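In our numbering, the protein residues as written are 2 to 561. All residues carry an ideal CB built from backbone N, CA and C; glycine is no exception. This structure is a prediction, so every number in the text was calculated from the model and none was measured. Notes to accompany the following structure.
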Ligand code: TNX
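Right under this line is the structure:
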């Protein structure tokens, strides 16, 4: 369901040209009550229902540009599903009938920037929030009150009758960072899938797309100043038929044909699409390790000088990393980050920082000289020097650095935010030091792990993370005091793609585990209940089916 935002005039025109067929399909009755995921904070069922007809109008109250992304999204969903083009009007609080009324309302500030109220009565629907993002989530909830079939891809023949049960909802998320990471380096995913991925986040009320753009196996973002990053770094030899960890490196003279990258124009469009859905894209540019693809293009920024080739599969440990002794390395990285910041307006820039084995640094005269000159103890402190220097650069451009929990080693950069993946300890340590933290432990958040019986599931990297365990995820570890907990910004799940090479397979790994994640980061712990969630999941799976999402069907009893 890729939804472009149309302006009011377009809707009026569409209203005139699209007529409704008399033979309408009836809605699918929702069994088991309201099947909203993530579960809202307060919900009271009322008598009756609102039916969308050709007479239904949409009223907008508040700044047009703030309300339109949500109103347009809703109108387009209705039109795609039912063929009805609702008309728009801009009003100031008039109580018209048969309207869907979207309003920005300052009196709702206590619900935060993402909270909202939604009231459905037989003759009108009211969506209210103090900020535009809240209105967008009100729209997402309203869409979940409609028949699942509304999630079908747009098609001229959709004639679904939309009836919405009367209800009063007041809702707000528990965390401000509700993320999902996609690795597009180990396998490249085309822009069409990235749009779809953003739609997935929106439907789950997730607001952060962490885009893992570079790694040893491919550099995926066009950088104008360094064209070889994509000319060379985006392509590797095709060893897809072999196991990830048994892939022969590129032979001399062999052509690299496997890969792809996003142009800056494509990225700008994707960022704007995400922005209209209140989703922040956090780009990740890995350093100092996981950088073989960059070094294949520019070996001069390594310690040894290369040559290197883009890795077609796994290599361990990762020893070919950026040289921390050369000034040129920092100029190169700052140039890259300048273009990255120009493309991505996010406050945070992710610099990776994970799994760098520093044996080359031990041997390198320039790194040793840097250690001595800067009064550093060892190569761990040299990594810390590296990250601090990059942090100073980002901070001087009003951005904040976030990195994997290895950035704690050798001393944390002063303003850094830590993404805790090797369990929760890194996050606990960082929060106790007064640093912001995003929790993403392998135990609950690694969607590249098996979700069922490895004997029948598609080949995965290992591990075991069934839906029920994702549901248990609580980003705030019990060990933290209330004050320390305030440093936990939220949580996210990660889809690494060593073993995931197609959009269909990515969807299989993501769903429905993303539904469990969404509830873990949105819903208050007291309101979470596995049995209740499993019941509501029925509705979510029906939505996935309608949207053509290739979800894991055996999610509830993975060993049947
Ligand atoms: C560890 S999580 C990695 C990734 C791999 C992942 C596989 C992290 C910061 N580094 O490079 O893809 O494990 O599960």
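Approximately 5 Å separates the beta-carbon atoms of residue 400 and residue 350; this is inside 8 Å, confirming the contact. Nearest to residue 199 by alpha-carbon distance, out of 190, 274, 256, is 274. At least one heavy atom of the ligand TNX lies less than 7 Å from the C-beta of residue 355. Residue 158: not part of any beta strand (DSSP E); DSSP gives it neither H nor E. In the DSSP annotation of this structure, residue 413 is not part of any alpha helix (DSSP H), being labelled neither H nor E. Residue range 229-232 is occupied by the alpha helix (DSSP H) that includes residue 229. For the ligand TNX, a non-hydrogen atom lies closer than 7 Å to the CB of residue 405.
Fully contained in the stretch 411-458 are the following alpha helix (DSSP H) runs of length 4 or more, in chain order: 426-433, 443-446.
Between the alpha carbons of residue 213 and residue 255 lies a gap of roughly 27 Å.
Taken from the Cβ of residue 43, every heavy atom of the ligand TNX lies 7 Å or farther away. Looking only at 335, 250, 168, the smallest Cα-Cα distance to residue 316 is reached by 250. A direct Cα-to-Cα measurement between residue 116 and residue 99 gives close to 25 Å.
Per DSSP, the continuous beta strand (DSSP E) segment holding residue 181 begins and ends at 178-184. Membership of residue 85 in any beta strand (DSSP E) is not indicated, and neither H nor E is assigned to it by DSSP. Selection 514, 219, 369 evaluated against residue 257 yields 219 as nearest (Cα-Cα).
Counting other Cβ atoms within 10 Å of its Cβ, residue 82 reaches 16 or more and is therefore classed as buried. The three-state reading of DSSP puts residue 558 in coil, since its state is none of H, G, I, E or B. Nearest in C-alpha terms to residue 111, of all of 171, 326, 146, 140, is 171. Per DSSP, residue 504 is one residue of the alpha helix (DSSP H) stretching across 504-511.
Residue 536: not part of any beta strand (DSSP E); member of the alpha helix (DSSP H) spanning 531-548, first to last residue. Unbroken alpha helix (DSSP H) runs of no fewer than 4 residues, entirely contained in the stretch 184-249, are found at 192-204, 229-232, following chain order.
Per DSSP, the unbroken alpha helix (DSSP H) holding residue 265 starts and ends at 265-276. Taking C-beta atoms as the reference points, residue 304 and residue 361 count as a pair closer than 8 Å. Taking C-alpha positions only, residue 158 is separated from residue 329 by approximately 59 Å. Counting C-beta atoms within 10 angstroms of its own C-beta, residue 297 has 16 or more neighbours from the protein chains shown and is therefore classed as buried. Look at residue 319 here: in three-state DSSP terms it is coil, with no helix or strand label. By the C-beta density criterion, residue 56 is exposed, having fewer than 16 other C-beta atoms within 10 angstroms. Cβ-Cβ separation between residue 474 and residue 518: approximately 7 Å, consistent with a contact (criterion under 8 Å).
Note that the stretch 497-507 does not touch the stretch 481-489; fewer than 3 beta-carbon pairs, one per stretch, sit closer than 8 Å.
In the three-state scheme derived from DSSP, where H, G and I count as helix and E and B as strand, residue 332 is classed as helix. Residue 380: not part of any beta strand (DSSP E); member of the alpha helix (DSSP H) spanning 380-397, first to last residue. In the structure shown, the three-state DSSP call for residue 377 is coil.
Residue 184 has its alpha-carbon roughly 18 Å from the corresponding atom of residue 240.
The Cβ-Cβ distance between residue 417 and residue 489 does not fall below 8 Å. DSSP places residue 100 inside the beta strand (DSSP E), whose first and last residues are 100-105. Under the DSSP definition of a beta bridge, residue 169 partners with 45, 120.
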